[in-house]
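Engineer: Going by my numbering, the sequence shown opens with residue 8, and the numbers climb by one from there.
Structure provided below as structure tokens; questions to follow.
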Amino acid sequence: MPRSDLTLALVGSGGDGVITMGDMIAQAGASEGLNVIKVEAYGPQIRGGESSTTVRVSGDEIFAQADFVDILVVFAWKDFARFKSEIMVAPNAIIFSEAKDETEVDGAELGAGPEATWIKVPFIELAKEAAGTTLAKNIVTLGLLSELFKLPQEPIRKAIINKFSKKTQEILDANLKGFAAGIDFAKNLETDLSDWQLEYTPGDAKLLMSGNEAAAVGAIHAGCRFFSGYPITPSSEVLHFLSHWMPVVGGSVVQTEDELAAIGGVLGASFAGVKAMTATSGPGLALMTEMLGLASMAELPAVIFDVQRGGPSTGLPTKSEQSDLWQALYGSHGDAPRVVLAPADVEDCFHTMVDAFNIAEEYQIPVIVLSDQNIAQRSETLSMLTLDHEVKDRVTPSAEELEDYARYKDTPTGVSPMTWPGIEGGQYQTNGLEHDEHGKPTSMFLVHEKMNAKRYRKLRPIRDEFHFIRQYGPDDADVGILCWGSSKGPVKEAVQRANARGEKVAAFVPQVLYPFPKHEFEEFLKGIKEFIVIELSYSAQFYKYLRTFLELPEGHTNIVKRSGGKNLTVHEVEEQIKKVLPRATTKREVLV
8 MPRSDLTLAL
18 VGSGGDGVIT
28 MGDMIAQAGA
38 SEGLNVIKVE
48 AYGPQIRGGE
58 SSTTVRVSGD
68 EIFAQADFVD
78 ILVVFAWKDF
88 ARFKSEIMVA
98 PNAIIFSEAK
108 DETEVDGAEL
118 GAGPEATWIK
128 VPFIELAKEA
138 AGTTLAKNIV
148 TLGLLSELFK
158 LPQEPIRKAI
168 INKFSKKTQE
178 ILDANLKGFA
188 AGIDFAKNLE
198 TDLSDWQLEY
208 TPGDAKLLMS
218 GNEAAAVGAI
228 HAGCRFFSGY
238 PITPSSEVLH
248 FLSHWMPVVG
258 GSVVQTEDEL
268 AAIGGVLGAS
278 FAGVKAMTAT
288 SGPGLALMTE
298 MLGLASMAEL
308 PAVIFDVQRG
318 GPSTGLPTKS
328 EQSDLWQALY
338 GSHGDAPRVV
348 LAPADVEDCF
358 HTMVDAFNIA
368 EEYQIPVIVL
378 SDQNIAQRSE
388 TLSMLTLDHE
398 VKDRVTPSAE
408 ELEDYARYKD
418 TPTGVSPMTW
428 PGIEGGQYQT
438 NGLEHDEHGK
448 PTSMFLVHEK
458 MNAKRYRKLR
468 PIRDEFHFIR
478 QYGPDDADVG
488 ILCWGSSKGP
498 VKEAVQRANA
508 RGEKVAAFVP
518 QVLYPFPKHE
528 FEEFLKGIKE
538 FIVIELSYSA
548 QFYKYLRTFL
558 ELPEGHTNIV
568 KRSGGKNLTV
578 HEVEEQIKKV
588 LPRATTKREV
598 LV
């Protein structure tokens, strides 16, 4: 019978156009009001190399990429080799491959069972005959897939026209012929695949954005008007996006020679009175450590958007991991307070960025936003109506505060009146040295102790004001799960499935990692029989961070941690739930 949820994976080498195929399927689904999540994967090469894209299209609400692929298209099996551990097909999957490729493939290695359907397609030949070039084989494939599985065919055709309309009419016509050839081949296919067709009711069009794009839009919405950065995978799209749009809103973008210069530019712009940010990944954040200390000491608002990738060192540039946490929390010499936030999906990148600027400006403190490659470079559908968030602007000191102006005045909240060049009476001295209330350098212990206390005093009101938390599942859960960032999607789907089976499972996903919402979390733990911490960090950074200030249930805390490089799956979470649930329900029966 037809399906409401379908996942397709497309694999090829550079020039095969598999990313273009994924984009067009995703765009078509979004235009029809479907829910879409699209992810891409590449080799670590600077140019060329194999690539893949996986698109999940659903008429139902979805929160993560599917664990298993329903439909696999492979132009060359040699290119698929590097994705073996990442793309697992369903046992009954439909597998298309180039007819000329005679490579012997072990279906069991893919996850395919005896019930899988293998179909050879002359993609190259069809493209050459219909379009006059083998480069159109991706367009031929789009025609075939749209016809066989009832993907939104007309929107895909429009996407093709939109892509090639800027080229010559001959090129556009050739690609449309290729699309038609794929449709005709599908109509004449003898294999019955009607049970795999997508069934849905068209709805209002949705916005399709990546996490990096959503973060950049959030920054502009928050009033950011200066960006300085150095390109680094997987954050470079933020620089690309803002280099186009920042000048449109009257802002500036500077591509610096390195990450140290990038954050230096941010602090200079902030000192001058402009909301400013940079974007980087783990290696770049490491270079910014010294300047983070300066931001803390000078009490300058600054936003650092860190898109995590596998580490250490150059590590896995194109793969996701949650292993920058300790660096974000503690990376500095001395006591350098900062705030650490973690978006959990694409839409959340927008809101988290606005919160980051609001916190940075109100509390005059650096804020690190910890995204990761899984969120940053995946595309996801969302409603445009959700892209709205309250913005807080920098406050000019009052006339009374400017009398005998003390830039670093010790206040109950730790927040002092802040000026910028050009405000009469607001001149002050600042640098990286410890200083008194007027900014005069000092090395006296009593002043250092007093100013450290002042700077850290800001964290309590931040924790009280910004404690956005997601909770899923019943209040009287037997099993509780704690995760953060991109792990939220698979955990949420696993919790929903468990609840649908009548199992009492709940999840707690904080957006603010530091200062951590300790009191809300302790409330969540009450009544929990078995507790699971899930993270993509081999050294269990999140769990060990929690242990520094929390008492987790002794003997009943289960640690689920592994390296990145492969995204967390719903299946992995479900397996952990199955493992601990019997112990949790037994305890409940004994208590009753």
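Ideal Cβ placement from N, Cα and C applies to all residues, glycine included.
Please read all numbers here as calculations on a predicted model, not as lab measurements.
(1) Ignore the nearest five residues each way along the sequence and tell me which others in Ile78's own chain have a CB closer than 6 Å to its CB.
(2) Enumerated in chain order, which unbroken segments of the alpha helix (DSSP H) with a length of 4 residues or greater are wholly contained in the stretch 110-195?
(3) Within a Cβ cutoff of 8 Å, which residues of the same chain sit near Thr321, ignoring the five residues on either side of it in sequence?
(4) Mind checking Asn42: buried by the 16 CB within 10 Å criterion, or exposed?
(5) Taking 8 Å as the cut-off, does the stretch 446-453 touch the stretch 335-352 (at least 3 CB pairs, one atom from each stretch)?
(6) Counting only runs of 3+ residues fully inside the stretch 239-285, write out the beta strand (DSSP E) ranges in chain order.
(7) Short of 7 Å in beta carbon distance, which residues of its chain neighbour Gly36, apart from the five on each side in sequence? Order them along the chain.
(8) Which word fits Gln436, buried or exposed, when buried means at least 16 other C-beta atoms lie within 10 angstroms of its C-beta?
(9) Please return the same chain residues whose Cβ sits closer than 6 Å to the Cβ of Cys231, not counting the five positions on each side in sequence.
(10) Am I right that Ile270 and Met298 are in contact with their C-beta atoms under 8 Å? What's the rounded C-beta distance?
(11) Just to check my reading of the structure: Phe523 and Leu332 have Cβ atoms closer than 8 Å, yes? What is that Cβ distance to the nearest angstrom?
(12) Could you name each continuous alpha helix (DSSP H) segment of 4 residues or more that falls completely within the stretch 558-599, going from the start of the chain to the end?
(13) What runs of the alpha helix (DSSP H), each 4 residues or longer, lie entirely inside the stretch 417-487?
(14) Between Gly421, Lys326, Ala406, which lies nearest to Pro344 when the distance is taken from Cα to Cα?
(15) State the beta-bridge partners of Gly42 as determined by DSSP.
(16) State buried or exposed for Thr564, treating a residue as buried only when at least 16 other CB atoms are found within 10 Å of its CB.
(17) Around the C-beta of Lys85, are 16 or more other C-beta atoms found within 10 angstroms, so that it is buried, or is it exposed?
(18) By Cβ distance, which residues of its chain are closer than 6 Å to Leu249, with the 5 residues on each side in sequence left out?
(19) As a quick exercise: from Asp67, Ala73, Ala88, pick the residue whose alpha carbon is nearest that of Ser58.
(20) Start and end of the beta strand (DSSP E) containing Tyr521?
(21) Would you identify the three-state DSSP class for Tyr49, choosing helix, strand or coil?
(22) Consult DSSP for Gly218 and reduce its assignment to one of helix, strand or coil.
(23) By the three-class DSSP mapping on this structure, what secondary structure does Met295 have?
(24) Pull up the distance between the alpha-carbon of Ala363 and that of Asn145, whole angstroms please.
(25) Could you give the DSSP three-state label for Arg10: helix, strand or coil?
(26) Straight-line CA distance for Leu13 to Thr592?
(27) Given 8 Å as the limit, is there contact between the stretch 294-313 and the stretch 375-391, that is, 3 or more CB pairs closer than that?
(28) I need the straight-line Cα distance from Phe171 to Lys533, nearest angstrom please.
(29) In angstroms with no decimal places, state the Cα-to-Cα distance between Glu177 and Thr140.
(30) State buried or exposed for Ile190, treating a residue as buried only when at least 16 other CB atoms are found within 10 Å of its CB.
(31) Measuring straight from C-alpha to C-alpha, what distance separates Leu294 and Val25?
(32) Report yes if the CB atom of Lys495 is closer than 7 Å to the CB atom of Ala351, and no otherwise.
(33) Does DSSP put Phe601 in a helix, a strand or coil?
(34) Compare the beta carbon distance of Ala134 and Ala143 with 7 Å and say whether it is the shorter of the two.
(35) Which of the three DSSP states is assigned to Ile366 in this structure?
(36) Give the DSSP bridge partners of Ile541, in chain order.
Structural biologist: In brief:
(1) Leu15, Ile101
(2) 114-117, 130-138, 144-156, 160-171, 176-194
(3) Closer than 8 Å at Cβ, skipping near neighbours: Pro290.
(4) Around the beta-carbon of Asn42, 16 or more other beta-carbon atoms lie within 10 Å, marking it buried.
(5) Segments in contact, no.
(6) Runs of the beta strand (DSSP E) inside the stretch 239-285: 259-262.
(7) Val43, Val64, Pro159
(8) exposed
(9) Lys282, Met284
(10) 4 Å
(11) About 12 Å separates the beta carbons of Phe523 and Leu332, which is beyond the 8 Å limit, so they are not a contact pair.
(12) Taken in chain order, the complete alpha helix (DSSP H) segments of 4 residues or longer contained in the stretch 558-599 are 577-598.
(13) Complete alpha helix (DSSP H) runs here, min 4: 452-463, 466-472.
(14) It is Gly421 whose Cα lies nearest to the Cα of Pro344.
(15) Correcting the residue type first, residue 42 is Asn in the shown sequence and not Gly. Answer is Ser65, bridged to Asn42.
(16) buried
(17) exposed
(18) Ala223, Phe234, Val260
(19) Closest by C-alpha distance to Ser58, out of Asp67, Ala73, Ala88, is Ala88.
(20) Looking at the DSSP string, the run of the beta strand (DSSP E) that includes Tyr521 is 519-521.
(21) strand
(22) Judged by DSSP in its simplified three-state form, Gly218 adopts helix.
(23) Met295: coil per DSSP, three-state reduction.
(24) 41 Å
(25) Strand.
(26) 35 Å
(27) yes
(28) 58 Å
(29) 12 Å
(30) buried
(31) 35 Å
(32) yes
(33) This structure cannot settle anything about residue 601, because the visible part of the chain is limited to 8 through 599.
(34) yes
(35) Of the three classes helix, strand and coil, the one that applies to Ile366 here is helix, per DSSP.
(36) Ile541 pairs with Val567.
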